[in-house]
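Going line by line, the protein sequences match chains A and B. No gaps in the numbering here: position 46 of the first sequence is 57 in my numbering, and each next residue is one more. No gaps in the numbering here: position 89 of the second sequence is 90 in my numbering, and each next residue is one more. By construction, the Cβ of each residue, glycine as well, lies at the ideal position given by its N, Cα and C atoms. On a predicted model such as this, the values are computed, not experimentally measured, just so you know. See structure below.
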Amino acid sequence: MTDPSPSPELPLPGELRVLLFAALRERAGWRERHLPVTGGITPAAVWEQLGLEPADAAATVRVAINQQFATWHSPLAGGDELAFLPPISGG
Amino acid sequence: MAAPLLSIALEPGPFQPLQALERWHGQLRHRLGHLPAAESSFVGRVRPHSGAGVPLAALELEHYPGMTEAQLRQLAAAAADNPEVAAVLVRHRIGRVLPGEPIVLVAVAADRRGPAQRCCQELLEALKHEAPFWKREWLLDGSRQWLEGNTPL
């Protein structure tokens with residue numbers, strides 16, 4: 012498996028850690044990014060801010076905050092780990 | 002009755018379902034003093050063909066380290082939320098899995114066949130949709146494609 016982006020440094024205190032998996036990671040060309048947290052930021056706002064595709068992701072992509080499923084409009088805080096999860100295919 | 006015993010693990014390399022079941026039986030005898038009367042198990046193996054029907058070289062399993070294990074544990078506890086279920090075993094491959102190799106093992110031990118079979122089926126369906134795993138098919142020519150979703154029940 013190849014990943015064009017090098018592994019980033021650890022997030023600074025108070026930063027949001029954003030993770031992509033599988034097809035989303037390959038489409039975006041990166042695995043992990045760190046963002047400063049601004050008031051009222053949500054997964055939907057992060058998706059848009061990072062220019063991720065597709066624009067209407069909520070129908071297919073799921074969101075996890077600190078490794079728990081969450082909604083696209085859940086509030087985020089500094090230090091949170093936000094992951095965007097493409098359609099799951101386990102078992 | 003005590004909370005069901007949960008044995009959950011990801012397997013980074015090939016595993017033998019029958020050996021895993023035997024080890025689990027040993028743990029159950031040790032913890033419960035006996036094996037429960039009913040047991041249901043399911044083994045899933047990699048198909049030799051892709052979803053599009055061409056020969057498959059391998060299936061790659063990506064997961065979300067930390068969340069996948071926690072989610073499997075949570076799903077197992079939810080499916081086993083029945084006083085007749087004594088124990089649940091889950092083994093799930095990650096990494097590159099070859100056609101014919103086991104990819105998942107779910108087993109449930111209970112006092113009666115109904116709870117054992119229902120819990121096993123519920124947990125299998127739940128983990129296919131709610132545990133963060135992603136499959137990628139690798140074909141013989143080196144091309145590859147992420148799967149979006151599961152095969153029908």
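- The C-beta of Gly101 of chain A comes closer than 7 Å to at least one C-beta of chain B.
- With a cutoff of 7 Å on beta-carbon distance, Leu11 of chain B and Ala88 of chain B are scored as not near each other.
- Close to Trp135 of chain B, with beta-carbon spacing below 9 Å, are these residues of chain A in chain order: Phe32, Ala33, Ala34, Leu96, Pro97, Pro98, Ile99, Ser100 and Gly101.
- CA-to-CA, the gap between Met68 of chain B and Gln60 of chain A works out to about 25 Å.
- Apart from sequence neighbours up to five positions away, the residues of its chain that approach Glu126 of chain B with a beta-carbon distance below 8 Å are Leu154, ordered along the chain.
- Restricting attention to B:Pro37, B:Ala39 and B:Leu99, the CA atom closest to the CA of Pro56 of chain B is found in B:Leu99.
- Under the three-state reduction of DSSP, Pro116 of chain B is assigned to helix.
- As computed with DSSP, His31 of chain B is found in no beta bridge at all.
- Beta-bridge analysis with DSSP links Glu43 of chain A to A:Leu30.
- With fewer than 16 neighbouring CB atoms inside 10 Å of its own CB, Gln17 of chain B falls in the exposed class.
- Taken in chain order, the complete beta strand (DSSP E) segments of 3 residues or longer contained in the region 53-98 of chain B are 57-64, 86-94 and 96-98.
- DSSP places His50 of chain B in the strand class (E or B) of the three-state scheme.
- Rounded to the nearest whole angstrom, the CA to CA distance from Arg36 of chain A to Ala70 of chain A is 18 Å.
- Residue-level contact check: Gln60 of chain A does not touch chain B, since none of the beta carbons of chain B fall below 7 Å from its beta carbon.
- Of all residues in the region 70-95 of chain A, only Ala75, Gln78 and Ala94 come within less than 7 Å of chain B when Cβ atoms are compared, listed by chain position.
- The beta-carbon distance between Val109 of chain B and Cys120 of chain B, rounded to whole angstroms, is 4 Å. This is short enough to meet the 8 Å contact definition.
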